[in-house]
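Take a look at the structure below.
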Amino acid sequence: MDPFWAVISVLLGLVLGSFFNVLIYRLPRHESIVKPGSHCPHCGRPVRPWENIPVASYLVLRGRCAGCGWRIPLSYPIVELMTGVAALLLYGLVVTPAIPAMHSCGLVVQICLTVLVLLLVIPLAIIDLFNFIIPDVITLPLLVCAALLSFLPGGITPLQCGLGILAGGGSLFVVAIAGEYIFKKDEVMGGGDIKLMALAGAVFGWQTAFLTIMMAAGIGSVGGILMIAFKKFAREHRIPFGPFLTLSLWIAVLWGDRIISLYFSFVDKAFG
Ligand SMILES: [Zn+2]
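Residue 4 is where the sequence shown starts when you use the working numbering, and the numbers rise one by one after that.
Pasting the structure below:
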């Protein structure tokens, strides 16, 4: 890993995280993401350029609006830091190992799509955490792009892409229908989760989609119990599934091969 590009990745990640905060605040409110410029939601004071520096400005302003003293949510610097770390992980674990093989156009596209999707699921997860929705404006265009780009040689094939959509979106769709039938609740699994996993399958294939769903169910059951125990985010006992899917997708894409081979060596030892 090249230290110079590692630092650049973190800085780009921090700036991107700052933009993600805009998406997280405005998308659920159906506001434009470009106009008006950043302003304090409490007093409307425009954010000066020096107050818009990721993490640093939050620390300098001690977490308060310079105009009215409104407490800036801690989620702002956290999202910025998370995106910075995410960008570093993507540079080190996705981009760097792929550089020697980057002569096919399809592979370059595949890497770009991987980075783009893994970054954009961050604001989606946070939006779902606070609002119980995963906006289609991000998932659907990416899904269409992924399906079209699969026709380029060198990356995922159209067949793998289609199987991935079925594995990711289709299996959650079945769970949603079964859940409605069994629990007689109108929405056990949101449509946003289904589209998110269809996208994951389209970009990363059916194996990653299945691994993601299985891990999310595991992490989700533990996390869900904790959330209810601490009465956090568990409004009417509803728990957003998107954050668990996102965390699992990251683990499945970055370390999925290792997890699967560990699993099979464990099965071999236990039953072989
Ligand atoms: Zn203010």
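Note that CB positions come from ideal geometry on N, CA and C, so glycine has one too.
- The C-beta of GLY208 has 16 or more other C-beta atoms within 10 Å across all chains shown, which makes the residue buried.
- Per DSSP, the continuous alpha helix (DSSP H) segment holding PRO6 begins and ends at 6 to 29.
- Looking at the backbone, the Cα of ARG51 and that of PHE133 are separated by about 27 Å.
- A Cβ-Cβ distance of about 32 Å is found for the pair VAL98 and ILE75, leaving them out of contact under the 8 Å criterion.
- Here ARG51 carries a coil assignment [DSSP, helix/strand/coil].
- Nearest in C-alpha terms to VAL10, of all of SER107, ALA89, ILE125 and CYS46, is ALA89.
- Annotated as distal: PRO100 and LEU30, with beta-carbon spacing of 7 Å or more.
- Only buried fits PHE244, as 16 or more other CB atoms lie within 10 angstroms of its CB.
- A straight-line Cα-Cα distance of about 14 Å links ALA69 and ILE56.
- Cβ contact annotation for ILE216 (same chain, cutoff 8 Å, sequence separation greater than five): GLY171, SER174, LEU175, MET200, LEU248 and SER251, in chain order.
- Put simply, the backbone Cα of VAL120 is about 15 Å away from that of ILE197.
- Under the criterion of beta carbons closer than 8 Å, CYS71 and CYS46 qualify as touching, at roughly 4 Å.
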